[in-house]
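These notes are about the structure you will find just below.
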Amino acid sequence: DDFTKGKTYYYKVRGVKEIDGNLYYTKWSNKVWRSIKEGEASVNPAISGIEETTVSVKSVRVKLPNGKKGIKLIWEKSPGYKVDYFEIFRSKKANSGYGKTPYAKTSDGKKHTYLNSKGLASGHTYYYKVRGVREIDGVKYYTEWSNKAKRSV
Numbered sequence: 013d014d015f016t017k018g019k020t021y022y023y024k025v026r027g028v029k030e031i032d033g034n035l036y037y038t039k040w041s042n043k044v045w046r047s048i049k050e051g052e053a054s055v056n057p058a059i060s061g062i063e064e065t066t067v068s069v070k071s072v073r074v075k076l077p078n079g080k081k082g083i084k085l086i087w088e089k090s091p092g093y094k095v096d097y098f099e100i101f102r103s104k105k106a107n108s109g110y111g112k113t114p115y116a117k118t119s120d121g122k123k124h125t126y127l128n129s130k131g132l133a134s135g136h137t138y139y140y141k142v143r144g145v146r147e148i149d150g151v152k153y154y155t156e157w158s159n160k161a162k163r164s165v
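Each number in my numbering comes from the position in the sequence shown (counting from 1) with 12 added on.
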């Protein structure tokens, strides 16, 4: 296909499987977009964006570190994709209160731990979730959320 330079193209993808004549679909991917710049070759504009949105953060584990006051989070990222950094969200409620701004961010995508040692109140339970962030041409692409992990202080 030929793409018009300067025009923005939007894409979403989903999987489909036919079983006994019935079609079953996966959830839609995140919407990705790409503009073809002047002088750029006409290539599929969605490939890099879709690859970046399919990565996920695997389960998050929390533990109380030995000899230190705090809650330590440890997580894994699905292999084969680059993440620039991770965002950590915290709440005192299991299903709300995380806000839109991350509680903390890692310095890079290679760091898979975070020690929360400030702002903790004894007797409270804290819930955490993590997501990876990849920035391409100034646009942020997010991984799926990790599972929620909780710890009481």
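Note that CB positions come from ideal geometry on N, CA and C, so glycine has one too.
{"Query": "Just to confirm, is the Cβ distance from Ala106 to Lys160 under 8 Å?", "Result": "yes"}
{"Query": "What does the alpha-carbon distance come out to for the pair Thr125 and Tyr22?", "Result": "34 Å"}
{"Query": "Using only the alpha-carbon positions, how far apart do Gly121 and Glu88 sit?", "Result": "11 Å"}
{"Query": "Would you say Tyr97 and Ser129 are within 8 Å of each other, going by their C-beta atoms?", "Result": "no"}
{"Query": "How far does the beta strand (DSSP E) with Ser164 in it extend, from its first residue to its last?", "Result": "Ala161 to Ser164"}
{"Query": "Thinking C-alpha only, which one of Lys43, Gly27, Ile31 and Val44 is nearest Tyr37?", "Result": "Gly27"}
{"Query": "Rounded to the nearest angstrom, what separates Ser134 and Gly109 at their Cα positions?", "Result": "19 Å"}
{"Query": "Just to confirm, are Arg143 and Tyr153 a CB contact at a threshold of 8 Å?", "Result": "no"}
{"Query": "So if DSSP puts Ala116 in a beta bridge, which residue, or which two residues, is it bridged to?", "Result": "Ile100"}
{"Query": "Could you spell out the range, first to last residue, of the beta strand (DSSP E) harbouring Thr20?", "Result": "Thr20 to Tyr23"}
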